[in-house]
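See structure below.
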Amino acid sequence: MPLPPCPICQKPVPPRPENTSQPFCSRRCRAVDLGRWLGEEYRVPDRQADEQEDEQPSDGSDRGHDA
Ligand SMILES: [Zn+2]
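For the sequence shown, the numbering used here assigns the number 200 to the initial residue and increments by one for each residue that follows.
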């Protein structure tokens, strides 16, 4: 069974004994992934749509209409 490609660079991931950085192809790619998590750059496309649009107060008043 072939391993899935590296999520960072899409290269083939070497098998385990020689590669301790799975599921990444190298320690560098693992570090890149970690950096993305820390920078919150890593988006999970399914979940964030609902949670992000919660910031605007839905104030239905028509005040402040200064003509
Ligand atoms: Zn990689």
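For glycine and all other residues, C-beta sits at the position ideal for the given N, C-alpha and C.
Rounded to whole angstroms, the Cβ separation of P206 and F223 is 7 Å, and the two are in contact under 8 Å. In the DSSP annotation of this structure, G238 is not part of any alpha helix (DSSP H), being labelled neither H nor E.
Relative to ligand 1, the nearest heavy atom lies less than 8 Å away from the CB of R227. Distance between P216 and G238, taken at the CA atoms: about 30 Å.
At the C-beta level, S220 and C208 stay beyond 9 Å of one another.
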